[in-house]
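Chemist:
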Amino acid sequence: MPEEPTKVLDVKGLYCPMPIVKLSVAIKEVPIGGVIKVIATEEAFPPDVESWCRNTGNELLSSTESDGEFTVTIRRKK
Amino acid sequence: MDDEKKRVSIVVFSGEMDKLQAAFIIAVGGASAGMPVDMFFTFWGLSALRDAKASGGQKNFMEKMFGRMLPKGPKALPLSKMDMMGIGRKMMKNVMKKKGMTSLPELMEVAHQLGVKLHACEMSMKVLGFSREELAGTVEDVVGVASYIEDASKSNITLFI
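If you read the sequences in order, they're chains A and B. Per the numbering used here, the first sequence starts with residue 1, numbered consecutively. Per the numbering used here, the second sequence starts with residue 1, numbered consecutively.
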C-alpha cells in the first residue's frame with residue numbers, strides 16, 4: 001500500500017524551471033523521511049525530477065502519468 | 001565558503017534577453033539542487049543589472065553615450081535573433097506570458113530568493129561608465145577576474161554565456 005504523502009504540491013501549468021524550484025522549496029516543509037507528492041503537466045518534469053532526486057540525494061518512489069498529468073512521489077532523505 | 005558542496009559559476013557576457021533567460025534558468029536550476037551559484041556579469045551582461053530608475057551621476061561624454069544606448073535593466077534587453085527593432089521582443093514576451101512561462105525579471109527575482117549571487121565586473125563598469133549606484137541592489141559586489149577564477153576552480157559547472 002502506498003505511503004500517505006506529508007505534503008501535496010500542485011505545479012500544473014508551470015514550465016521549467018518553476019516546477020523544480022517549487023519542489024526544492026516545498027520539500028523543506030516535509031520532515032526527513034516524509035513523502036511529498038507532486039502533480040505537474042510539463043512533459044520535462046518526470047525526467048527532470050529523476051535527475052533532481054539523484055543530484056540532491058532524495059528518493060524517487062513513484063512516477064506515473066494519466067491524462068497528461070504527471071504524478072511523482074519523493075521521500076525526503078536529507 | 002562551503003567546500004563540500006557542488007557549485008555553479010556562470011560568466012554572463014551577453015546582454016540579450018534570451019541569453020539571460022538561459023543563464024538564469026541554469027542558475028535557478030543549480031540553486032534548486034542545493035548548489036551555491038555565482039554569476040559574474042561583464043561587458044554587455046551588465047545591462048541586465050542596471051536599475052531603470054537610478055541615475056548614474058557625473059559622466060563624461062562617452063559614458064553618457066553608453067548610458068543612453070545600452071538597455072536599462074532586464075525589461076529593456078533585446079533578443080539575440082529576430083528582435084526586429086523591438087517588435088520581436090514584444091511578440092516573444094506576449095507568447096511567453098500567454099503560455100505561462102516565467103519572464104526574465106521574475107526569474108531574476110526567484111534567483112535572488114534562492115540565494116544566487118550576482119557579481120559585477122569592475123573593469124567593464126569602468127569601460128561602460130556604470131557606477132555602483134545605477135546597478136540593482138541585488139548585486140552582491142564589484143569584483144575582478146581573480147574572484148571568478150577562485151569560484152570557477154571550485155565549481156563543477158562553469159559556463160560563459
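Note that beta-carbon positions come from the ideal geometry of N, C-alpha and C, so glycine has one too. Computed from a predicted structure; not experimentally measured.
Determine whether the Cβ of leucine 23 of chain A lies closer than 9 Å to any Cβ atom of chain E.
Modeler: Considering every chain present, this structure includes no chain E. Its protein chains are A and B.
Chemist: Any residues in the stretch 144-159 of chain B with a beta carbon nearer than 7 Å to a beta carbon of chain A? Which ones, in chain order?
Modeler: Within the stretch 144-159 of chain B, no residue has a Cβ that lies closer than 7 Å to any Cβ of chain A.
Chemist: Output the distance between the C-alpha atoms of glycine 56 of chain B and alanine 26 of chain A, rounded to the nearest integer angstrom.
Modeler: Each residue's Cα considered, the two are about 40 Å apart.
Chemist: As a quick exercise: from B:Lys19, B:Phe40 and B:Ser32, pick the residue whose alpha carbon is nearest that of alanine 146 of chain B.
Modeler: Taking only the C-alpha atoms, the option nearest alanine 146 of chain B is B:Phe40.
Chemist: Residues of the stretch 100-112 of chain B in Cβ contact with chain A at a cutoff of 7 Å, in chain order, please.
Modeler: Within the stretch 100-112 of chain B, the qualifying residues are Gly100, Met101, Thr102 and Val110.
Chemist: Drop a sphere of 10 angstroms on the beta-carbon of glutamate 133 of chain B, count the other beta-carbons inside from all chains shown, and report buried for 16 or more, exposed for fewer.
Modeler: With fewer than 16 Cβ atoms within 10 Å of its Cβ, glutamate 133 of chain B is classed as exposed.
Chemist: Can a CB atom of chain B be found closer than 9 Å to the CB of isoleucine 20 of chain A?
Modeler: Yes - at least one Cβ of chain B is within 9 Å of the one on isoleucine 20 of chain A.
Chemist: Looking at the structure shown, is lysine 6 of chain B part of a helix, part of a strand, or coil, going by DSSP?
Modeler: In the structure shown, lysine 6 of chain B sits in coil (DSSP, three-state: anything other than H, G, I, E or B).
Chemist: Between which residues of its own chain and lysine 77 of chain A is the CB-CB distance below 6 Å, once the five residues before and five after are set aside?
Modeler: Contacts found: Gly57, Asn58 and Glu59.
Chemist: Could you name the residues of the stretch 31-48 of chain A whose beta carbon sits closer than 9 Å to any beta carbon of chain B, in the order they occur along the chain?
Modeler: Answer in chain order: Asp48.
Chemist: Note down, in chain order, each residue of its chain lying with its Cβ closer than 6 Å to the Cβ of valine 30 of chain A, except the 5 sequence neighbours on either side.
Modeler: Answer for valine 30 of chain A: Thr6, Lys7, Ile36 and Arg76, listed in chain order.
Chemist: Step through the CB atoms of chain B and report whether any lies within less than 9 Å of the CB of glycine 68 of chain A.
Modeler: No, because no Cβ of chain B sits closer than 9 Å to the Cβ of glycine 68 of chain A.
Chemist: Residues of chain B with a CB under 8 Å from the CB of asparagine 58 of chain A: which are they?
Modeler: Here the premise fails: no neighbours, minimum Cβ distance about 10 Å.
Chemist: Along the chain, where does the beta strand (DSSP E) containing lysine 117 of chain B start, and where does it finish?
Modeler: Segment 117-121, the beta strand (DSSP E) holding lysine 117 of chain B.
Chemist: Do leucine 9 of chain A and valine 49 of chain A come within 9 Å of each other at the CB atom, strictly closer than that value?
Modeler: No, they are not a contact pair.
Chemist: What is the rounded straight-line gap between the Cα of alanine 22 of chain B and the Cα of arginine 89 of chain B?
Modeler: If you take the alpha carbons of alanine 22 of chain B and arginine 89 of chain B, they lie about 15 Å apart.
Chemist: CB of leucine 107 of chain B to nearest heavy atom of the ligand ADP: below 8 Å?
Modeler: This structure does not include the ligand ADP; it has no bound ligands of any sort.
Chemist: Establish whether the CB of proline 17 of chain A and some CB of chain B are separated by less than 9 Å.
Modeler: Yes, contact with chain B.
Chemist: Just to make sure I have the definition right: I need the residues of chain B whose C-beta is within less than 8 Å of the C-beta of leucine 9 of chain A. Which are they?
Modeler: What leucine 9 of chain A touches in chain B: nothing, since even the nearest Cβ is about 13 Å away.
Chemist: Near valine 45 of chain A, which residues of its chain fall below 7 Å by C-beta distance, leaving aside the five closest residues on each side in sequence?
Modeler: Strictly speaking, residue 45 of chain A in this sequence is phenylalanine, with valine absent from that position. Counting only Cβ-Cβ distances below 7 Å, and skipping sequence neighbours, we find Pro19 and Phe70.
Chemist: Taking the CB atoms as reference points, tell me whether tyrosine 148 of chain B and serine 14 of chain B lie closer together than 9 Å.
Modeler: Contact: no.
Chemist: Could you give the C-beta distance for leucine 14 of chain A and glutamate 42 of chain A, rounded to a whole number, given that I count them as a contact under 8 Å?
Modeler: With a Cβ gap of about 7 Å, leucine 14 of chain A and glutamate 42 of chain A count as contacting.
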